[in-house]
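Trainee: Chains as they are written, first to last, in this note's numbering: chain W, -18 to 459; chain X, -18 to 459. Here a beta-carbon is modelled for each residue, glycine too, at the ideal position from N, C-alpha and C. In this text, all values refer to a predicted model and were calculated from it rather than measured experimentally. Encoded as structure tokens, here's the structure I'll be asking about.
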């Protein structure tokens, strides 16, 4: 199969981004559609990306005192209903278990769409005194939301995530924790996934059902659309009151505790695909790539080649996540394409001539650049090259975001800019939800957030002309 | 609270083992009952044990080529029904989702009790040629079985486990994989959890629904009862035929593949509690203990004590999983009891006099032995002491198993021995299920397995008097 033919199997990214995305997910064997409607099977290559995200994030969580735990997946209906806003937000999209062990259940149970209610119920049993606080719990688990339209990783009925739920003595401590976890998400997304984030607070309309404040890390994809990559919520006492999470404070008085929750999910795999990919397929940042470099032997049937290359592979494999592609039923050209499509950051080519010259050829996946390295320095060079690629991929995304972030001061400008091209659109805003709704209706863009780094772009709201109090970034979303 | 009073809160292990178990689970904060019937919340201390099991096992799995993946939790009814024995075994104990997104579903979905059917469905899409084989998939996930009687960790409606599912070119390769994974389970249970295992094959009556052969690692608890700690199944082509997992073999012919599955679960936490615990509570083997040593400062209010002890703690904490108990609202005696109850392998006491003498007192949880160590050698001594405790705990369990393993050659002997005391009972057997049923009925003991290490105890089956062909170990079970 020729190079051209191979690439043809992936839809052109400029022609149909959605189809390109699906092609990459399936061709690179990240995931497959399952026979359960709206659900996917995450294949080993996709799951390995998730494991790298888990390991990186879990370590950061533990450094700030978070402990993992596990709560039941089934939530009784009466428990879900205890917090009014929360149940209104989630009840329409849950799946209900009504039969168990051959019998109809007295009370139906929902499969958790999120676990605020279950965590709050258990925490209320564990908290007595300020000495029991904070509780900094987190679980890595599956959740289910009955979505109508689904896309692998981005919006699947079942997905994997972590949900942290913390309980604190004071509002201030809880608010600080909310922002601390948001910073950790920014670290994961920027330093591991090489995607720059925009940090800010969600508008009331976009905040989590039951929260006092939702903070978000927003990312921009290849096509300029926005993807919400992680959120952290401050609940105040919204759940601790109905769930009676009370404690005796330092003054000996009974008080309701303060609460947070925060989550990132397998959606981040979708973000990696869509932020970095190109017409040759997936492009993985080295730190999160399941395979950091692949060695493709050239003329591997020739005497001694495979032996020597295997030796080099064994050396590098101690330090890097390596793959040696010694398949004998594929051409070298096919292998090149195959590993490019799977997004492996570096390809190392070694043939008889290279061995004679004690060298190897290194090819970067991110920009296609080739270089020759001495075998004696291969280890060293690969290490620095992976760092260069990681940083360069981040910079490319950052430059795109700069290019595709635009400013508008009138509604007409907003409509024109959003119709011209997908982008992050910065405007001022009066904080009235009516104006937010109108923008959504006329531009198709949701408010991404009110960035922490506020700027003064104009005096008035572009919709109603009243005094503007906040700068908001808008964008069409996945 | 005095020492005696504290210990009284845990039921005496000889009086009521079941109640002792529940007391330990709750007092040591390993788990708590949830408001979802038959389900538990695994608390951070219990979950940390599970994380240590996961890390240890997952590393061994990866060393033998296993890759993690993730399949949907919901299985359509028609999919579950494709393998006759399997559906008969599991359908009575599943939970059914019948509503989603506010609407009645056309086909009901069960929450996975295990994933042979889902894995087989997906694998059939991924396998074309012998070159695609083997597939060595595994998932760490939750499963649900609608048990009538539940006990924390041992038998819970929802539990966490790993389920490995592999597909092979040949029967031999699949059979070898089945035993390879059983050996890994033996490694986890013996070397990490310090519990000796009995390896063998299950009788037909006890084998997994749909398997050709089930292999097991059986363990003995404190009271002499048996606990099945892990199983590995060889399926032959029982699933690959109905699920059409076909491949083109090396001769170019189409053939059905060969399959295995294997699992260990959070039940292992129950095994650790019940194999090692005593009247003072939990007793954790150092390698799996979330806290390997706790430092309790003596007279911590005295000048410089806490400062110096913190310094020692910081040093040790780089190498061991440590805890410094500097709570000022509990007495030293309370702290001693508390950490003993939580099973921390070593307590380190350091007071003003110890500091003057440059020493610390080390107390073993497993046998209560005390010793004095020089501060300059504390690190070294703690390391060797933890190893000694690990080995000693294993030997104690092993000695108990030797003591409580008995031989019988007649049915009367079997009945008498099983009624006398819980034990592993070795007998010969004719391989007829009628005799197996009779033994179960008269002694309450299930066949644990036909051990790989067969012995010749007598010529005839103790039930029917016919020629015996296998040695079986029997025992009452959890």
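Under 7 Å between beta-carbons, which chain W residues line up against residue 243(X)? List them in chain order, please.
Mentor: None at all; the shortest Cβ gap to chain W is about 17 Å.
Trainee: Establish whether the CB of residue 16(X) and some CB of chain W are separated by less than 9 Å.
Mentor: Interface residue, yes.
Trainee: Residue range of the alpha helix (DSSP H) that residue 31(X) falls in?
Mentor: Counting along the chain, the alpha helix (DSSP H) containing residue 31(X) begins and ends at 25 to 44.
Trainee: To the nearest angstrom, how far is the alpha carbon of residue -17(W) from that of residue -10(W)?
Mentor: Because the pLDDT of residue -17(W) is 49, which lies under 50, any placement of that residue in the model is unreliable, and the number read from its coordinates should be weighed accordingly. For residue -17(W) and residue -10(W), the distance between alpha carbons rounds to 12 Å.
Trainee: Roughly how many whole angstroms lie between the Cα atoms of residue 334(W) and residue 278(W)?
Mentor: Approximately 11 Å, taken between the alpha carbons.
Trainee: Thinking just about the alpha-carbon of each residue, which of 454(W), 347(W), 445(W), 441(W) is nearest to the one in residue 434(W)?
Mentor: Selected option, being the one with the closest Cα: 454(W).
Trainee: Along the beta strand (DSSP E) that carries residue 146(X), what are the first and last residues, could you check?
Mentor: Run containing residue 146(X): 139 to 149, per the beta strand (DSSP E) assignment.
Trainee: For chain X, is any of its Cβ atoms less than 9 Å away from the one on residue 303(W)?
Mentor: With 9 Å as the cut-off, residue 303(W) does not count as an interface residue toward chain X.
Trainee: Tell me which residue opens and which closes the beta strand (DSSP E) that residue 90(X) is part of.
Mentor: 84 to 92 is the span of the beta strand (DSSP E), which, as asked, contains residue 90(X).
Trainee: Find the residues of chain W that neighbour residue 112(X), judging by a C-beta separation of less than 9 Å, and give them in chain order.
Mentor: Residues of chain W passing the Cβ test: 308, 310.
Trainee: At a Cβ cut of 7 Å, what residues of the segment -9 to 21 of chain W count as close to chain X, listed as they run along the chain?
Mentor: So the close ones are 13, 15, 16, 17, 20.
Trainee: Could you check whether the Cβ of residue 439(W) sits closer than 9 Å to any Cβ belonging to chain X?
Mentor: Output row for residue 439(W): interface = no.
Trainee: Please identify the residue among 182(X), 353(X), 111(X), 330(X) whose C-alpha is closest to the C-alpha of residue 151(X).
Mentor: Looking at the Cα atoms, 111(X) is the closest of the given residues.
Trainee: How would you label residue 306(X), buried or exposed, when you count the other beta carbons within 10 angstroms and need 16 or more for buried?
Mentor: With 16 or more other Cβ atoms within 10 Å, it is buried.
Trainee: Answer yes or no: does any C-beta atom of chain X fall closer than 9 Å to that of residue 158(W)?
Mentor: For residue 158(W), the answer is no, since every Cβ of chain X falls outside 9 Å of its Cβ.
Trainee: Among 159(W), 281(W), 368(W), 388(W), which one has its Cα closest to the Cα of residue 47(W)?
Mentor: Checking every option, the nearest Cα to that of residue 47(W) belongs to 159(W).
Trainee: Measuring straight from C-alpha to C-alpha, what distance separates residue 155(X) and residue 101(X)?
Mentor: Cα-Cα distance, rounded: 15 Å.
Trainee: Please compile the residues from chain X whose C-beta is within a distance smaller than 7 Å of the C-beta of residue 90(W).
Mentor: Those are 17, listed as they occur along chain X.
Trainee: Where does residue 115(W) land, buried or exposed, given buried means 16+ other C-beta within 10 angstroms?
Mentor: Per the 10 Å Cβ criterion, buried.
Trainee: With a threshold of 9 Å between beta-carbons, can residue 81(W) be considered close to chain X, or not?
Mentor: Yes, its Cβ sits closer than 9 Å to a Cβ of chain X.
Trainee: Assuming residue 269(X) and residue 34(X) form a contact by the criterion Cβ under 8 Å, report the distance between their Cβ atoms to the nearest whole angstrom.
Mentor: Indeed, because the Cβ distance is near 7 Å, the residues count as touching under 8 Å.
Trainee: Buried or exposed, going by whether 16 or more other CB atoms sit within 10 Å of the CB of residue 448(W)?
Mentor: It counts as exposed.
Trainee: Could you give the DSSP three-state label for residue -17(X): helix, strand or coil?
Mentor: Its pLDDT being 49, under 50, residue -17(X) is placed unreliably by the model, and the measurement read from it follows with that caveat. Note: residue -17(X) maps to coil in three-state DSSP.
Trainee: Any beta carbon from chain X within less than 9 Å of residue 115(W)'s own beta carbon?
Mentor: No, residue 115(W) lies away from the interface with chain X (no Cβ there is under 9 Å from its Cβ).
Trainee: Please report the Cβ distance between residue 245(W) and residue 211(W), rounded to the nearest whole angstrom; I am assuming they are in contact, meaning their Cβ atoms lie under 8 Å.
Mentor: Residue 245(W) to residue 211(W), Cβ: 4 Å. Contact.
Trainee: Is the segment 192 to 207 of chain W in contact with the segment 162 to 170 of chain W, if contact means three or more CB pairs nearer than 8 Å?
Mentor: Yes, they touch.
Trainee: Whole angstroms are fine: how far does the CA of residue 53(X) sit from the CA of residue 249(X)?
Mentor: The straight-line gap from Cα to Cα measures roughly 24 Å.
Trainee: Can you give the Cα-Cα distance for residue 45(X) and residue 407(W), rounded to whole angstroms?
Mentor: Distance between the alpha carbons of residue 45(X) and residue 407(W) is about 52 Å.
Trainee: What residue from 32(W), -4(W), 220(W) has the CA that sits closest to residue 121(X)'s CA?
Mentor: Ranking 32(W), -4(W), 220(W) by Cα distance to residue 121(X) puts 32(W) first.
Trainee: Sorted by chain position, which residues of the same chain lie with C-beta nearer than 7 Å to residue 237(X)'s C-beta, five sequence neighbours on each side aside?
Mentor: Result list for residue 237(X): 218, 221, 222, 226, 227, in chain order.
Trainee: Is the shortest distance between the beta-carbon of residue -18(W) and the beta-carbons of chain X less than 9 Å?
Mentor: For residue -18(W), the predicted model reports a pLDDT of 44, less than 50, meaning its position is unreliable and no value from the coordinates is stated.
Trainee: Would you call the segment 381 to 390 of chain W and the segment 352 to 370 of chain W touching, i.e. three or more CB-CB distances under 8 Å?
Mentor: As far as the Cβ criterion goes, the segment 381 to 390 of chain W does not touch the segment 352 to 370 of chain W, which means the pair count is below three.
Trainee: Under three-state DSSP, which class holds residue 127(X)?
Mentor: Looking at residue 127(X) - three-state DSSP - the assignment turns out to be coil, as it is neither helix nor strand.
Trainee: Can you say whether residue 49(X) is buried or exposed, counting buried as having 16 or more other CB atoms within 10 angstroms of its CB?
Mentor: Burial call: buried.
Trainee: Rounded to the nearest angstrom, what separates residue 300(W) and residue 119(X) at their Cα positions?
Mentor: Going by the C-alpha atoms only, they are around 25 Å apart.
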